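Below you'll find the structure, written out as C-alpha cells, and then a few comments.
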Amino acid sequence: ELEPKEAQALRGSALVCEQKGDRKQALKILDQALEIDPSNEECLLDRSRMSMSEHDLDAAGKDLDLVIQSSPDLLPALFSRAQLNIQLGRMDQALSDLDAILKENPDFAPALIGRSAIYQQQGEDEKSQEDLEAAMQLQPEAAEETELTRCLMSAHIAFVQNRFEEAIQSATQAIELDPSNENGYLRRGAAYWYSEQYTEAWEDYNYVIETLDRESSKALNGRGGCAAELGDAEPAIEDLEKAITIAREKE
1067 ELEPKEAQAL RGSALVCEQK GDRKQALKIL DQALEIDPSN EECLLDRSRM SMSEHDLDAA
1127 GKDLDLVIQS SPDLLPALFS RAQLNIQLGR MDQALSDLDA ILKENPDFAP ALIGRSAIYQ
1187 QQGEDEKSQE DLEAAMQLQP EAAEETELTR CLMSAHIAFV QNRFEEAIQS ATQAIELDPS
1247 NENGYLRRGA AYWYSEQYTE AWEDYNYVIE TLDRESSKAL NGRGGCAAEL GDAEPAIEDL
1307 EKAITIAREK E
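Note that our numbering has the sequence shown beginning at 1067, numbered continuously upward.
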C-alpha cells in the first residue's frame, strides 16, 4: 500500500526539479517512481511530456501508449499522442487521436484547432474551416489567436512533410495575423532554409533578433547558418557560438 504513495512523493520531487530547470534529473526521478509503480499514469504522462521536451520522441510515445492502453479515453494522453504524431509527420494517426478526443469532448478547442490544421494541409478546406469556426465560437474573445495557432500548426505540418512552399505560405499568414509573434518568423525561416533561400531565411531570423529583440538560440543558430551559406564566416561563427551559449544556459 505504501508503494503508490512513494511513487507520488518521487513525482513531486521530479516536478520540483523540472521547475528549477533540471529536467534530466527530473526524468531520472520519474524512472525511479515508475520502477516502484509502473502503471502510475501521472508519472507516465509527466515522463512523456519531459521526454518530448528533450526530443526523445520514441520514449515519449512508449509512455503515452502505456497510458492509453489502460485508459483509452484519457484526454491528456490522447492529445499528447496526437501532438507527438504531428511532430513525427504521422497525420493519419494524429487525426485518429483527435477524432477520438472530439467524439467524447466536442468542445475541446485545442483538438479542433489541431484537426483544422491537418485538414488544411490535406486540402480539406471545408472541413478545416468548419473546425476552425467551431473553435472560434468556443473562444470568441480569442478568435484571432485561434486562427494564429491554426496557421502555425499548418506551417509545422507542411514542414515535417517537406512541403516547404506550403509551410512558407502558412507561416506568412501567421505573421500577418501577429507580426510580433516570433514563431511565424522562425517557422518561415526554417522553410526558407530547407528551400535553399538563404537570404530570405536570414532576413526572418534577423528580424526575430534585431526587430523583435528576442534572445533566441533558434534564431541565432538559423542566422549563423544562413551567414555561413552566404559566405559571411565571421558573423556566422559569432552567432553560432552565442546560440550554443544560450542553449547551454537553458539546460
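For glycine and all other residues, C-beta sits at the position ideal for the given N, C-alpha and C.
Please read all numbers here as calculations on a predicted model, not as lab measurements.
In this structure, how does DSSP classify residue i when only helix, strand and coil are distinguished?
i     : result
D1124 : helix
S1246 : coil
R1289 : helix
D1139 : coil
G1297 : coil
R1280 : coil
P1172 : coil
G1155 : coil
E1262 : coil
D1112 : helix
E1190 : coil
R1229 : coil
Q1239 : helix
E1307 : helix
P1070 : helix
P1104 : coil
R1077 : helix
K1094 : helix
A1088 : It should be noted that the sequence gives Asp, not Ala, for residue 1088. Residue state, collapsed to three classes: coil.
Count the other CB atoms within 10 Å of the CB of residue i; is the residue buried (16 or more) or exposed (fewer)?
i     : result
D1103 : buried
R1314 : exposed
I1134 : buried
S1119 : exposed
Q1203 : exposed
E1281 : exposed
D1112 : buried
N1151 : buried
I1303 : exposed
G1127 : buried
E1328 : Here the chain covers residues 1067 to 1317 and nothing more, so residue 1328 does not appear.
A1237 : buried
G1291 : buried
E1067 : Only weak support exists for where E1067 lies, its pLDDT of 47 falling under 50; the coordinates are left without a value.
D1270 : buried
E1210 : exposed
Q1187 : buried
If contacts are defined as beta-carbon pairs under 8 Å, then residue i and residue j qualify, I think. What distance do you get, rounded to the angstrom?
i     : j     : result
R1181 : L1164 : 5 Å
S1114 : D1129 : 4 Å
W1268 : R1289 : 6 Å
L1214 : A1256 : L1214 to A1256, Cβ: 18 Å. No contact.
A1092 : M1116 : 6 Å
A1201 : A1175 : 5 Å
L1110 : L1132 : 6 Å
A1177 : I1184 : Their Cβ separation, rounded to whole angstroms, is 11 Å, which puts A1177 and I1184 out of contact at 8 Å.
- Using 8 Å as the Cβ pair cut-off and three pairs as the minimum, do the segment 1246–1258 and the segment 1217–1229 touch? yes
- Task: Give a yes or no on contact between the segment 1221–1231 and the segment 1193–1211, applying the rule of three or more CB pairs nearer than 8 Å.
- Result: no
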